[in-house]
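Residue numbers (my numbering), protein chains in the order written: chain A, 48 to 719; chain B, 498 to 788.
Quick reminder that beta carbons are idealized off the backbone N, C-alpha and C, glycines included.
All values reported here derive from a predicted model rather than from experimental measurement.
For reference, the structure discussed in these notes is given below.
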Amino acid sequence: MPEIPSSAIESSRERPRIGVYVCHCGTNIAGIVDVRAIVEFAAKLPGVVVSRDYKYMCSDPGQALIQQDIAEHHLNRVIVASCSPLLHEATFRRVLSRAGLNAFLLQMVNIREHVSWVHLNQREATEKTKDLVRAAVRRVSLHKPLQKRRVSINPHVLVVGGGIAGIHAALTLAEAGKQVYLVEREPTIGGHMAKFDKTFPTLDCAACILTPKMTAVGSHPRIHLWTYSEVVRVEGYVGNYKVKVRRKPRYVIEDLCLGCQECVTACVYKEAKNPDEFNLGLSKRKPVYLPFPQAVPQKVVIDPQTCIQFKSGKCKKTCVEACGDRKAIDFTQKETIEDIEVGTIILATGFKTFDPVRNPYYGYGRYANVYTSLEVERLINASGPTAGEIVLRDGGQPKAVGIIHCVGSRDANTNRWCSKVCCMYSLKLAHLIKERTGAEVYNFYIDMRTPGKGYEEFYDRLLDEGVHFVRGRVAEVSDWATHPSEKGRLVIRVEDTLAAFVRRIPVDMVVLSVGMEPQPDAQDVRRLFNISCSTEGWFLERHPKLAPVSTFTEGVYIAGACQGPKDIPDSVAQAGAAAAEAMALIDAQFVELEPYTAFISEDQCSGCKTCIPLCPYQAISYMEEKKKAAINEVLCKGCGTCVAGCPSGSIQQNFFEDEEIFEEIEGVLAYA
Amino acid sequence: MKYAYYPGCSLRGTGRAYEESLLAVFQALEIDLQELEDWNCCGATTYMSVDELTSYALAARNLALAERDHMNVVAPCAACYLVLNKTQRYMHDYPDIKLVVSRALAAIGLHYDDHVQVRHPLDILLHEVGLKAIAAKVKTPLKGLQVAPYYGCQIVRPYATFDDQRNPTSMDRLLEACGAKIVHYPLKTRCCGGSQKGTLPEIGLELIRHLLTEAQNNGADVIATVCPLCQFNLECFQKEAGNHNHPISMPVLYFTQLMALALGASGEAIGLQRSLIPIEPLLARKEIAYA
Ligand SMILES: Cc1cc2nc3c(=O)[nH]c(=O)nc-3n(C[C@H](O)[C@H](O)[C@H](O)COP(=O)(O)OP(=O)(O)OC[C@H]3O[C@@H](n4cnc5c(N)ncnc54)[C@H](O)[C@@H]3O)c2cc1C
Numbered sequence: 048m049p050e051i052p053s054s055a056i057e058s059s060r061e062r063p064r065i066g067v068y069v070c071h072c073g074t075n076i077a078g079i080v081d082v083r084a085i086v087e088f089a090a091k092l093p094g095v096v097v098s099r100d101y102k103y104m105c106s107d108p109g110q111a112l113i114q115q116d117i118a119e120h121h122l123n124r125v126i127v128a129s130c131s132p133l134l135h136e137a138t139f140r141r142v143l144s145r146a147g148l149n150a151f152l153l154q155m156v157n158i159r160e161h162v163s164w165v166h167l168n169q170r171e172a173t174e175k176t177k178d179l180v181r182a183a184v185r186r187v188s189l190h191k192p193l194q195k196r197r198v199s200i201n202p203h204v205l206v207v208g209g210g211i212a213g214i215h216a217a218l219t220l221a222e223a224g225k226q227v228y229l230v231e232r233e234p235t236i237g238g239h240m241a242k243f244d245k246t247f248p249t250l251d252c253a254a255c256i257l258t259p260k261m262t263a264v265g266s267h268p269r270i271h272l273w274t275y276s277e278v279v280r281v282e283g284y285v286g287n288y289k290v291k292v293r294r295k296p297r298y299v300i301e302d303l304c305l306g307c308q309e310c311v312t313a314c315v316y317k318e319a320k321n322p323d324e325f326n327l328g329l330s331k332r333k334p335v336y337l338p339f340p341q342a343v344p345q346k347v348v349i350d351p352q353t354c355i356q357f358k359s360g361k362c363k364k365t366c367v368e369a370c371g372d373r374k375a376i377d378f379t380q381k382e383t384i385e386d387i388e389v390g391t392i393i394l395a396t397g398f399k400t401f402d403p404v405r406n407p408y409y410g411y412g413r414y415a416n417v418y419t420s421l422e423v424e425r426l427i428n429a430s431g432p433t434a435g436e437i438v439l440r441d442g443g444q445p446k447a448v449g450i451i452h453c454v455g456s457r458d459a460n461t462n463r464w465c466s467k468v469c470c471m472y473s474l475k476l477a478h479l480i481k482e483r484t485g486a487e488v489y490n491f492y493i494d495m496r497t498p499g500k501g502y503e504e505f506y507d508r509l510l511d512e513g514v515h516f517v518r519g520r521v522a523e524v525s526d527w528a529t530h531p532s533e534k535g536r537l538v539i540r541v542e543d544t545l546a547a548f549v550r551r552i553p554v555d556m557v558v559l560s561v562g563m564e565p566q567p568d569a570q571d572v573r574r575l576f577n578i579s580c581s582t583e584g585w586f587l588e589r590h591p592k593l594a595p596v597s598t599f600t601e602g603v604y605i606a607g608a609c610q611g612p613k614d615i616p617d618s619v620a621q622a623g624a625a626a627a628e629a630m631a632l633i634d635a636q637f638v639e640l641e642p643y644t645a646f647i648s649e650d651q652c653s654g655c656k657t658c659i660p661l662c663p664y665q666a667i668s669y670m671e672e673k674k675k676a677a678i679n680e681v682l683c684k685g686c687g688t689c690v691a692g693c694p695s696g697s698i699q700q701n702f703f704e705d706e707e708i709f710e711e712i713e714g715v716l717a718y719a
Numbered sequence: 498m499k500y501a502y503y504p505g506c507s508l509r510g511t512g513r514a515y516e517e518s519l520l521a522v523f524q525a526l527e528i529d530l531q532e533l534e535d536w537n538c539c540g541a542t543t544y545m546s547v548d549e550l551t552s553y554a555l556a557a558r559n560l561a562l563a564e565r566d567h568m569n570v571v572a573p574c575a576a577c578y579l580v581l582n583k584t585q586r587y588m589h590d591y592p593d594i595k596l597v598v599s600r601a602l603a604a605i606g607l608h609y610d611d612h613v614q615v616r617h618p619l620d621i622l623l624h625e626v627g628l629k630a631i632a633a634k635v636k637t638p639l640k641g642l643q644v645a646p647y648y649g650c651q652i653v654r655p656y657a658t659f660d661d662q663r664n665p666t667s668m669d670r671l672l673e674a675c676g677a678k679i680v681h682y683p684l685k686t687r688c689c690g691g692s693q694k695g696t697l698p699e700i701g702l703e704l705i706r707h708l709l710t711e712a713q714n715n716g717a718d719v720i721a722t723v724c725p726l727c728q729f730n731l732e733c734f735q736k737e738a739g740n741h742n743h744p745i746s747m748p749v750l751y752f753t754q755l756m757a758l759a760l761g762a763s764g765e766a767i768g769l770q771r772s773l774i775p776i777e778p779l780l781a782r783k784e785i786a787y788a
């Protein structure tokens with residue numbers, strides 16, 4: 048830690064001379080809080096030398112006001128009562144620095160988010176503000192000068208998740224000269240997009256635009272692509288993360304496999320028997336398989352659950368024979384752990400689709416010809432289970448198809464949010480189904496939501512093509528026939544809210560436009576990387592408008608659908624933004640950390656070692672010769688766990704010392 | 498196995514055949530039922546919609562009595578089953594309701610601590626006795642009898658405690674174990690109209706008509722029910738529901754009546770003679786020679 052100039056320490060020991068600055072924030076604060084009353088109140092508090100209000104404290108004149116007062120009135124402590132410190136603490140700390148004061152002699156009082164925005168009664172809001180200001184005045188008197196820590200940034204980046212977002216982030220960084228580790232859980236990258244045939248609204252072929260990027264990832268000299276792998280441990284802090292990655296055995300040596308698939312042809316199973324994950328169970332694969340033709344890496348995988356060699360050890364191993372001298376197949380492969388060091392991390396772990404079994408009214412899993420939209424993406428795909436032909440589970444071709452929107456979206460019984468992409472992909476599927484089969488296609492929607500460049504125009508086009516649109520939430524799908532024309536078909540019952548009557552529409556195929564949900568392991572992943580989730584389970588950005596790809600953990604960024612429902616253009620935009628944020632940090636070469644570390648007063652430490660296992664960051668060690676604990680400041684993240692756990696109270700935390708907190712509490716409670 | 502039997506009002510009134518056949522089935526399968534001493538009205542859904550809080554207290558008294566006797570409750574009537582379950586859940590989930598209801602119970606020297614399970618006969622027969630044990634005791638298999646299994650709403654919604662909300666199969670499986678053939682019946686959990694037939698007769702009748710014609714179209718000989726109100730609606734209005742071209746005449750029995758027949762009970766003992774649409778000729782035609 049850089050030394051704090053002795054003059055600064057001197058000035059902080061002097062009798063406090065405090066300036067209090069109350070911000071109107073236009074009418075945001077002044078509309079509810081009686082700002083003048085606060086100023087008068089603060090002026091009388093012990094230690095306060097000046098007390099002022101100003102329309103926008105954060106504006107240049109506002110800042111200048113404080114700076115001038117510091118010089119003129121020899122202030123050595125400053126209080127700004129305004130918005131959340133998340134927004135402007137840095138601004139006002141800079142003011143103190145410019146005026147020659149240590150930046151940590153500032154205390155902010157949040158009277159906007161914590162007062163004016165949440166109270167309706169002026170008197171109560173004003174009284175609460177007084178309490179908070181009094182608390183800050185008492186606390187700030189005890190503030191000590193502190194210095195930020197500087198740490199260097201490791202230029203390597205970890206990207207987790209190889210969907211379109213992760214792919215784009217990895218390529219952007221690698222192109223800029225950074226070393227990237229891309230960790231993907233599945234045997235191939237590509238994510239959801241790899242499953243689509245076309246993409247809205249332009250209907251360009253998904254593979255044509257995605258596979259060049261996938262191959263670029265696979266062959267880039269600066270991208271270490273680890274598929275079939277997962278991050279199991281993350282330690283360290285911004286600029287200096289130590290990460291453990293578990294690489295699951297694919298029983299094929301990646302460096303030796305050429306992707307020729309002769310082993311697949313040679314497998315003792317002549318027929319494929321196991322549900323094909325990539326085709327969502329709509330087709331079968333063998334125990335040794337390539338997930339899909341354009342998989343990256345082009346390396347086969349062996350599934351030990353279904354491979355005879357693993358089950359009985361008595362297979363003829365025709366696959367090994369077919370592989371011949373390449374010797375790429377290795378039944379003894381074990382999982383390995385890779386240790387890497389990176390400075391920044393981008394999470395792009397994507398989403399999962401809603402499981403429509405949870406909505407029993409639509410008959411998914413009960414009626415063979417009820418499909419999810421994702422299954423239909425595979426059915427329509429030229430490399431899918433039916434080579435792009437729409438053949439139903441019962442073998443027929445549909446003459447009429449119903450697409451039900453908002454399944455698992457905008458529904459108080461399941462998920463309340465709008466999944467944002469379903470209206471558009473439903474239009475896409477309607478177009479493709481009509482084009483391939485000539486069927487009558489019905490869309491059942493609550494509202495059509497098509498904001499986006501070219502999106503509304505696409506909707507218009509579908510209307511012109513003669514696709515039917517029925518506004519109403521479908522009540523049920525059943526095979527209850529009341530008329531010969533309904534016999535043997537699926538009947539959709541729906542209240543047509545535009546025509547104001549209940550309709551029964553017989554169809555041969557139902558497509559459920561399932562919504563987007565957080566990944567089932569989102570909570571585990573968020574804990575692993577020490578970030579937060581919204582109540583729904585989406586990864587939480589630092590600020591919904593102004594820091595959409597940052598998280599509350601420095602150096603960890605989020606991109607794509609793991610942050611919330613979004614389409615490919617938005618996912619790619621976020622991925623680019625996350626890559627740029629990571630690069631900004633890398634190119635700055637160092638980062639300043641808050642000095643909120645814990646420290647031990649050695650006289651009081653009894654050497655009981657209680658704190659050592661409590662520390663989540665392994666920052667505490669035991670000094671044998673002195674029989675005391677010691678905290679490594681670089682590793683300490685200032686979580687405060689050891690402070691609370693120390694039985695003798697000998698651990699304190701900078702900026703949160705006991706007496707500072709007690710003074711603050713007493714200040715709030717001292718009703719005067 | 499010993500349970501507190503909660504008949505409710507229906508099983509002593511229009512649903513007597515339900516009680517008679519239920520007792521016969523439980524006896525044949527050696528499940529001990531002991532009538533809950535001094536039980537009172539469950540309030541049904543009617544009271545629930547007039548005065549919710551009092552109706553919880555009314556239902557909770559029955560739960561408290563069962564708890565005092567250390568027994569779990571069997572509630573065959575769908576309305577009783579739902580109201581008792583709902584009361585239990587609301588007392589569990591809402592402390593303010595629990596507080597008021599507990600005070601009311603305390604005033605008559607009772608209390609309730611959430612120790613009682615309220616179970617439906619379908620649940621007990623399927624999960625406690627089991628299909629194998631039942632099949633082993635069948636004396637008169639219901640061979641060739643085509644049954645439409647009709648569950649109605651209250652035992653599966655909103656609380657699907659032992660079966661699927663939309664596509665329950667417990668009754669299907671029990672009757673199959675008794676040798677019957679289950680016909681496809683997609684309306685198995687659709688509304689029978691409840692008391693609509695009294696208040697909005699046209700709407701009520703339409704709902705009843707759907708249920709009956711669908712059973713008929715799918716080749717059912719008989720509809721099996723679990724609820725006295727469903728049974729009443731489906732059996733009593735067939736003449737109105739049908740018309741000259743499509744007359745309807747379909748026996749509607751409690752599932753326990755069919756099971757009891759298979760397990761060797763006599764028609765008389767389980768109230769077959771109480772039916773408005775007799776099933777006896779059909780059984781004779783199918784050569785099902787019950788006791
Ligand atoms: C039926 C359907 C059709 C759609 N059609 C279109 C369309 O036409 N046009 C359009 O713009 N958008 C469309 N979308 C939306 C599109 O799918 C998403 O915008 C896009 O897939 C988001 O990309 P992503 O990389 O964020 O997430 P994903 O595609 O979900 O990729 C995430 C990747 O991360 C991996 N992963 C997850 N967790 C971990 C972990 N812990 N460790 C390692 N790896 C992990 C996953 O295996 C996956 O490969 C559609 C969506 C659906 C459901």
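S420(A): contacting residues in chain B (beta-carbon distance under 8 Å): Taking the first sequence and counting its residues from 1, one reaches residue 420(A) at position 373. Under the 8 Å cutoff, chain B gives no residues; its nearest Cβ is about 21 Å from S420(A).
Alpha carbon of S648(A) to alpha carbon of F151(A), nearest angstrom: Counted from its first residue, the first sequence places residue 648(A) at position 601. Counted from its first residue, the first sequence places residue 151(A) at position 104. Answer to the nearest angstrom: the Cα atoms are 21 Å apart.
DSSP-derived helix/strand/coil call for E87(A): On the first sequence, residue 87(A) is found 40 positions in, with the first residue counted as 1. Three-state result, E87(A): helix.
Burial state of N460(A) (16 or more Cβ within 10 Å): Counting from one through the first sequence, the residue named residue 460(A) turns up at place 413. Exposed.
Presumed contact (8 Å Cβ cut-off) between L479(B) and A557(B), rounded CB distance: What the structure shows of chain B is the stretch from 498 to 788, and residue 479(B) is not part of that stretch, so it cannot be assessed.
Opposing strand residues paired with C580(A) [DSSP bridges]: For the purposes of this step, residue 580(A) is taken as residue 533 along the first sequence, with counting starting at 1. In DSSP, C580(A) forms a bridge with F586(A).
Straight-line Cα distance separating R373(A) from V423(A): Counted from its first residue, the first sequence places residue 423(A) at position 376. Counted from its first residue, the first sequence places residue 373(A) at position 326. Cα to Cα, the separation comes out at about 38 Å.
Element boundaries [beta strand (DSSP E), containing E487(A)]: Within the first sequence, the letter at position 440 stands for residue 487(A). Counting along the chain, the beta strand (DSSP E) containing E487(A) begins and ends at E487 to Y492.
Cβ of R413(A) within 7 Å of any chain B Cβ: As a working mapping, residue 413(A) is identified with position 366 in the first sequence. Interface criterion met: the Cβ of R413(A) is under 7 Å from a Cβ in chain B.
Proximal chain B residues relative to P25(A), where beta-carbon distance stays under 8 Å: Chain A is shown only over 48 to 719; residue 25(A) falls outside these bounds and no answer can be derived.
A342(A) beta carbon less than 7 Å from that of T235(A): Numbered from its first residue, the first sequence carries residue 235(A) at position 188. Numbered from its first residue, the first sequence carries residue 342(A) at position 295. For T235(A) and A342(A), yes; Cβs fall inside 7 Å.
Enclosing alpha helix (DSSP H) for S144(A) [first to last residue]: Your numbering for residue 144(A) matches position 97 in the first sequence. Note, S144(A): alpha helix (DSSP H), P132 to R145.
Chain-ordered chain B contacts of W527(A) [CB-CB under 7 Å]: Stepping through the first sequence from its first residue, residue 527(A) is reached at position 480. Those are P683, L684 and E711, listed as they occur along chain B.
Cross-strand partners of E601(A) (DSSP beta bridge): In the first sequence, residue 601(A) corresponds to position 554, counting from 1. Note: E601(A) sits in no beta bridge, so no partner.
Segment contact flag, the segment 351 to 360 of chain A with the segment 248 to 262 of chain A, C-beta cutoff 8 Å, min 3 pairs: no
Q110(A), buried or exposed, once every other Cβ within 10 Å from all chains shown has been counted against 16: Translated into the one-based positions of the first sequence, residue 110(A) becomes position 63. Flag for Q110(A) reads buried.
Cβ contact check for the segment 720 to 740 of chain B and the segment 509 to 526 of chain B: 3 or more pairs under 8 Å: yes
For A645(B) and R600(B), the rounded distance between their alpha carbons: Here the question's residue 600(B) lines up with position 103 in the second sequence. Here the question's residue 645(B) lines up with position 148 in the second sequence. Using only the alpha carbons, I get a separation of about 46 Å.
Proximity below 7 Å, CB of P642(A) to CB of Q345(A): Residue mapping note: residue 642(A) aligns to position 595 of the first sequence, counting from 1. Residue mapping note: residue 345(A) aligns to position 298 of the first sequence, counting from 1. Contact flag unset, no.
Beta-carbon contacts of S525(A) that lie in its chain and below 7 Å, excluding the five residues immediately before and after: Within the first sequence, residue 525(A) is the residue found at index 478, counting from 1. Same-chain partners within the cutoff: G410 and V538.
Start-end ranges of the alpha helix (DSSP H) lying completely within the segment 382 to 444 of chain A, minimum 4 residues: 420 to 427
Sufficient close CB pairs (3 or more, under 8 Å) joining the segment 710 to 719 of chain B to the segment 653 to 662 of chain B: no
Distance between V719(B) and L697(B) (C-alpha atoms, nearest Å): Here the question's residue 697(B) lines up with position 200 in the second sequence. Here the question's residue 719(B) lines up with position 222 in the second sequence. Going from the Cα of L697(B) to the Cα of V719(B) covers about 27 Å.
Where the beta strand (DSSP E) through C453(A) begins and ends: Taking the first sequence and counting its residues from 1, one reaches residue 453(A) at position 406. Note, C453(A): beta strand (DSSP E), A447 to V454.
Rounded straight-line distance, which links the Cα of Q651(B) to that of W536(B): For the purposes of this step, residue 536(B) is identified with residue 39 of the second sequence, where counting begins at 1. For the purposes of this step, residue 651(B) is identified with residue 154 of the second sequence, where counting begins at 1. Whole-angstrom Cα-Cα distance: 21 Å.
Nearest-angstrom Cβ-Cβ length linking C693(A) and T657(A), presumed shorter than 8 Å: Here the question's residue 693(A) lines up with position 646 in the first sequence. Here the question's residue 657(A) lines up with position 610 in the first sequence. With a Cβ gap of about 7 Å, C693(A) and T657(A) count as contacting.
Residues near F709(A) in its chain [Cβ-Cβ closer than 7 Å; skip 5 each side]: In the first sequence, the residue the question calls residue 709(A) occupies position 662. Excluding residues within five positions, none has a Cβ falling inside 7 Å.
Residues sharing a beta bridge with G66(A), DSSP: By 1-based counting over the first sequence, the position of residue 66(A) is 19. Paired residue(s): V97(A) and V125(A).
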